[in-house]
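Notes to accompany the following structure.
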Amino acid sequence: MKNFWYLKILLLLILSPCILKSQVINYTDLPSTRQLYPRDSQDSAEVVISGTIVSSGYDSIIVEIDTNTVLWQRPTQGLTGSGDESFSFNPKIYSDTVEFSFEILLKQGMTTTSDTLIDSVVCGDVYFINGQSNATNNGGDFSIPWLRSFGTSKNQERSQFNTNWYLATRARYNDGAIGTWGMRLGILIVTNHGIPVCILQQGQGGKSISYFTDGIGGDTTVTPFSNFDLLLIRASNAGVTDAVKAIFWWQGESDTDDITEVNNYENEFLTLYDGWLSFYPNIQKVYTTQLHPGPLGIYADQIREIQRKITNDSSDIEIITPHNIGGFDGVHHDVPGYQNYAAKLYEMVARDFYGKVVDTVDIDPPNITNAHFIDANKDALVLEFTGTQSISFKEDTTIGPTTYFLKDHFYFHNSSGTIDTAIVDSIAVFSNQIRLALTQTSDAEKITYLPAQFYNSTVIEYDGPWLSSSQGIAALTFWQFNIDTQFGDDPLPVTLSSFSGDFIEDKIILKWRTESEINNLGFIILRKKGTETNYSFLANYENNLELRGQGTTNSATEYSYIDDNINQGEIYYYLLRDIDFTGKAVDHGPIKVSTSVVNIPEKSMLYQNYPNPFNNSTVIPFFISERERVELSIYDSLGRKIKTLINKPLKAGSYKYNFDALNLPSGYYYFKLKTTNTTTVKKMTLVK
């Protein structure tokens, strides 16, 4: 553990002027104007006001607490009037877009005197930003009352001795500065969740990672203080060292031109990471940023690879990509680009800290997990990415008179040391896999996605096209990723992620979802009863619009079919068969659906709407297990509630709500069922 004797002396020197705010009261604890108190698990914080009344004659001390100028609480402590009497208050404030003021009053008989007034105090969450100049950018949003910062990162002297709270600003190094994307991120948290935010930004442009690790666990008596110590001094003075929820880290550009720094980068980052966890013990997440291709050095692809793999070191390390945020100038981004970055980062923060569920699928950047040739010909390679993310891509980007193609920027590393470039003939997407059809046989042992800096045979920084998730989050680049020596499967023409059936009243509703389709004509449904041996035809794409395929698509599609020719008490089995343009058929299933009443769910359930996709109207079925208050609501793709369909008590039973979307535009929507004990969200697609 570090020796903090110098820090304790420094804090005493800094805080001692604040202790003597009054000739009547010596304050030991007192909030500061614009201070943010970190909220606890009950969404509140204790504000301690204590000290000693040095003058005699007072019979009581009062703290008037206002919320947005309205009197909220008025705690009082009696005094003997003898002087040299101690007092202590510890009221709790709550986390909301509310400013608290504290006026300390002294009462002497019928006379009340104001001693001190502290205003604009809030309760909320604390985050840090650190890194190079991409973490200290300038411009964008103006200050808002609920976004705060403390001190300054402007220079050594100001960082050490500035103990003021500020409304956060969009500047780089001024008092209270948190930069462009820090401002937008904080504003998104405040506006969407009603929680004030404090951000401390201690970035410094043009510095390698060793600048940020310098001084961790070293000689703390030496000045000037390190970047790490300056941030720690600010956090300690602000009283937030135990309350930091996450750190946002964007750095590495200055390490890309020196192979020694490249080789040391991972250890340096882990040293910094351990330092953060040591001095800010309640950090829950570290969000790192993979560099955009192009910045500064010839080893940028290797730094990006280290950043990609760092996420494997701990589950609390997340990574985000700025590759397709826009406004790239070779190193930095313009204001709209940084604001796009903040919007993508916010989705991760909202998921991790604020319970956001709607529209948080595929918000992490796709990360490669496997590469394999499909057979001994070695003329087709499959790249597989994390989870069930649906990969998408744009084939080309035009800059000036030149068009650059994504397929030309995969690099195949042979055992001889040679690298084959531009040997990809075409790219096809199958859910979370992409298939690279090659123009020749390849003996490559490794593969790289995207160059270190420039488009092939140019000095123009690479800026797209990109592989992305279905949410438009650019995939992580990779460098010399090993190609599996075992041949793997060729992706299926239809990638089915789910197939299920539900018995609702007198019908069976079949639902399935495809993540991608290649040359898909449509589907055939086969059915048999539990006592039957063979399946029989039920429906097909030729006479049912809802069973027609999407042809070729990289987007997820949800389907449904209603079987209303059933007998209650029977068990039914269903096969789903997809047919491609050549007539090739692939079966999925079977699934089993019981129509017995004993299958009534034990808890309230929300089912998939049908039809889906739909044009103007659709049915939303749900089941209520017992009499309770039910709220059924519709949300747009941004998670904003646009309509409440039901908000009242319902008795137990099955229900169907006919939802009319005549006045809504095409797109994705979400419907949410909220009951006393259950909240369920599902997605539907409106197509006009």
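Under the numbering used here, the letters of the sequence shown match residues 18 to 705, in that order.
No residue lacks a Cβ here, since even glycine has one placed at the ideal position from N, Cα and C.
Extent of the continuous beta strand (DSSP E) run through residue i
i      : result
Met365 : Met365 -> not in any beta strand (DSSP E); alpha helix (DSSP H) instead, spanning Val352 to Phe370.
Gly292 : That residue, Gly292, is in no beta strand (DSSP E); its alpha helix (DSSP H) goes Ile276 to Phe296.
Tyr578 : Thr574 to Asp580
Ala263 : Val261 to Trp267
Gly684 : Gly684 to Lys691
Lys66  : Reading off the sequence, residue 66 comes out as Ile, not Lys. Note, Ile66: beta strand (DSSP E), Ile66 to Ile70.
Asn537 : Lys524 to Lys546
Leu134 : Thr128 to Gly148
Val214 : Val214 to Gln218
Asp519 : Val511 to Ile521
Bridge partner(s) assigned by DSSP for residue i
i      : result
Thr419 : Ile416
His430 : Ile436 and Lys463
Asp381 : Note: Asp381 sits in no beta bridge, so no partner.
Gly656 : Gly656 pairs with nothing; no bridge assigned.
Ser160 : DSSP lists no partner for Ser160.
His340 : BP columns for His340 are empty, so no partner.
Phe554 : Leu543
Val87  : Thr84
Glu401 : Asn387 and Gln450
Asp192 : In DSSP, Asp192 forms no bridge with anything.
Ile588 : Ser611
Ile583 : In DSSP, Ile583 forms no bridge with anything.
Phe15  : Shown here, the chain extends from 18 to 705; a query on residue 15 therefore has no answer.
His605 : Leu593
Contact check, residue i vs residue j, beta carbons under 8 Å
i      : j      : result
Ile659 : Ile651 : yes
Ile121 : Val80  : yes
Ile440 : Ile464 : no
Leu706 : Leu362 : The chain is shown from 18 up to 705; residue 706 falls before or after that span and cannot be answered.
Lys545 : Tyr472 : no
Asp442 : Ala461 : no
Ser485 : Ser409 : yes
Ser67  : Thr93  : no
Thr153 : Val352 : no
Glu283 : Ser225 : no
Lys649 : Phe688 : Here residue 649 is Leu; the residue named in the question, Lys, does not match the sequence. Yes, these two residues count as a Cβ contact at 8 Å.
Ser780 : Ser572 : The structure shown does not extend to residue 780, since the chain is modelled only from 18 to 705, so the question has no answer here.
Tyr304 : Ala263 : yes
Gly564 : Tyr578 : The sequence shown places Leu at residue 564, not Gly. In contact: Leu564 and Tyr578 (Cβ atoms closer than 8 Å).
Ile135 : Thr230 : no
Glu102 : Thr69  : yes
Gly141 : Cys215 : yes
Val261 : Ile300 : yes
Residue span of the alpha helix (DSSP H) that contains residue i, given as start and end
i      : result
Val80  : Careful: Val80 lies outside any alpha helix (DSSP H), inside the beta strand (DSSP E) at Ser77 to Thr84.
Lys326 : Ala317 to Ile327
Asn473 : From DSSP, Asn473 is part of no alpha helix (DSSP H); its letter is neither H nor E.
Met701 : It is not in any alpha helix (DSSP H) - Met701 instead sits in the beta strand (DSSP E) that spans Thr696 to Leu703.
Leu205 : Thr197 to His210
Ala252 : Asn244 to Ala255
Ile226 : Ile226 to Thr230
Status (buried if at least 16 other CB within 10 Å, exposed otherwise) for residue i
i      : result
Asn626 : buried
Asn20  : Note that Asn20 scores 40 on pLDDT, short of 50, meaning its location in the model is unreliable; the coordinates nonetheless yield the value given after this. Exposed is the call here.
Gln59  : exposed
Ser33  : Per-residue confidence for Ser33 stands at a pLDDT of 38, beneath the threshold of 50, marking its modelled position as unreliable; no derived number is given.
Ala252 : buried
Ala602 : exposed
Lys109 : exposed
Val615 : Reliability fails at Val615, whose pLDDT of 48 lies under 50, so the model's placement of it is uncertain and the value that follows must be treated cautiously. Under this definition Val615 is an exposed residue.
Met701 : buried
Pro666 : exposed
Arg646 : exposed
Phe598 : exposed
Glu522 : exposed
Asp392 : exposed
Leu562 : exposed
Gly586 : exposed
Thr531 : buried
Thr129 : exposed
Arg91  : exposed
Glu63  : exposed
Validate contact between the region 293 to 312 and the region 156 to 165 using beta carbons, cut 8 Å, 3 pairs: The way I'd put it, the region 293 to 312 doesn't touch the region 156 to 165; fewer than three beta-carbon pairs between them come closer than 8 Å.
Inter-stretch contact at 8 Å, needing at least 3 Cβ pairs: the region 452 to 469 / the region 426 to 438: yes
Segment contact flag, the region 215 to 226 with the region 254 to 272, C-beta cutoff 8 Å, min 3 pairs: yes
Given 8 Å, three or more beta-carbon pairs between the region 633 to 648 and the region 669 to 678: Judged by Cβ distances under 8 Å, the region 633 to 648 makes contact with the region 669 to 678, as three or more pairs qualify.
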